[in-house]
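Okay, so the sequence shown: first residue is 2 according to this note's numbering, each after it adds one.
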Amino acid sequence: MIGAGNVAAFLASSLHAAGHCIEMVYSRTAGNAEKLGKLLNSRYTCNTDDIRAAQGIQIAAIPDEALIKFSEKGLFGKGMILHTAGSIPMSILSGCSSEYGVLYPLQTLTAGRNLREYGVPFCIEAGDEASLERIRDLASSVSDTVYELDSESRMMLHLAAVFASNFTNHMYVLAGKIAARAGVPFEILHPLVMETAKKASESSPAMVQTGPAARNDMIIIKKHLDLLSFSPELKHLYRLISDSIIEAKAENSDSSSD
């Protein structure tokens, strides 16, 4: 396992629990390599020479910049090489080994979080059919949901994940700041957040959209914009998202009437 961050720790722990042997953990930070290595009863190192001497499947769960560096400098060892990045093409590994591919977990990963309730879908890709079968077997050992996607499709899916997770979480940050101006904590919004996510996962998000923009209630929208006079940035963001919701509602109405 090349890396010892959140993605690497999740993958290594999941594979270990599924019966796979994690022979070695590499991290440029010795303490991180040691911590994960001891957890898995594996060797650990911060020396790239140890990677070059390695054989078998090497999973590079490292930041994009580090992955590019590893590929350009030929720091990988012999055997199959996989990367876990959502927006880096598989071809970056084509000059590093005859066996290469992608093992991308589509989930927000944070140390200590139990993901069994939701599961983790995997997106895989390989340079040849034999490698694809090996990667599929590996992914299927830790997940019930495995998709085969090419690099372009995976990048588009990663973009969708940014909207679904990263942008959504930032909205929670902004909602917390607005709630604080009303003198109440973000916790008051927890039931709303949970119910919204539940409805979106149980039905089409477009079908369960609610709120002033979904009703095209311009009176309430104007009141909200007035309330946001303290922040031109939030006011602009509110207007952009409201316009997007109104447009989406109109498109849904047109398609349903056809």
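Note that the Cβ used here is the ideal one computed from N, Cα and C, for glycine as well. Note that the structure is predicted; figures quoted are calculated from it, not measured.
Cβ shell of residue i (< 7 Å), same chain only, five flanking positions each side left out
i, result
"L150", "C124, E126 and L158"
"V209", "K200 and A201"
"S28", "G4, A5, A34 and C47"
Close Cβ partners of residue i (< 6 Å) along its chain, the five nearest in sequence each way excluded
i, result
"I93", "S72"
"A55", "G78"
"M156", "S88"
"A31", "C47"
Check whether residue i and residue j have beta carbons under 8 Å apart
i, j, result
"Y173", "S132", "no"
"L16", "V147", "no"
"A207", "N253", "yes"
Status (buried if at least 16 other CB within 10 Å, exposed otherwise) for residue i
i, result
"M219", "exposed"
"I221", "exposed"
"I3", "buried"
"Y239", "buried"
"G75", "exposed"
"L63", "In the sequence as displayed, the identity of residue 63 is Ile instead of Leu. That one is buried."
"A140", "buried"
"S166", "exposed"
"V26", "buried"
"C97", "buried"
"H191", "exposed"
"F11", "buried"
"S95", "exposed"
Chain D contact for residue i (CB, 8 Å cutoff)
i, result
"S141", "Reference to chain D is not applicable here, since this structure consists of a single protein chain."
CA nearest to the CA of residue i, picked from the options
i, options, result
"V8", "N170, T109, R216 and E196", "T109"
"E153", "V185, P90 and I52", "P90"
"G177", "T169, D51, E188 and F168", "E188"
"P122", "L37, L107 and V26", "L107"
Neighbourhood of residue i by C-beta distance below 8 Å, restricted to the same chain and skipping five residues each side
i, result
"R182", "F231"
"K236", "L226, L229 and S230"
>> When you compare the segment 101–121 with the segment 37–48, are there three or more beta-carbon pairs, one atom per stretch, that lie closer than 8 Å?
In response: no
> Is it a yes or a no for the segment 133–146 touching the segment 160–173, going by three-plus beta-carbon pairs under 8 Å?
Replying inline: Touching, no.
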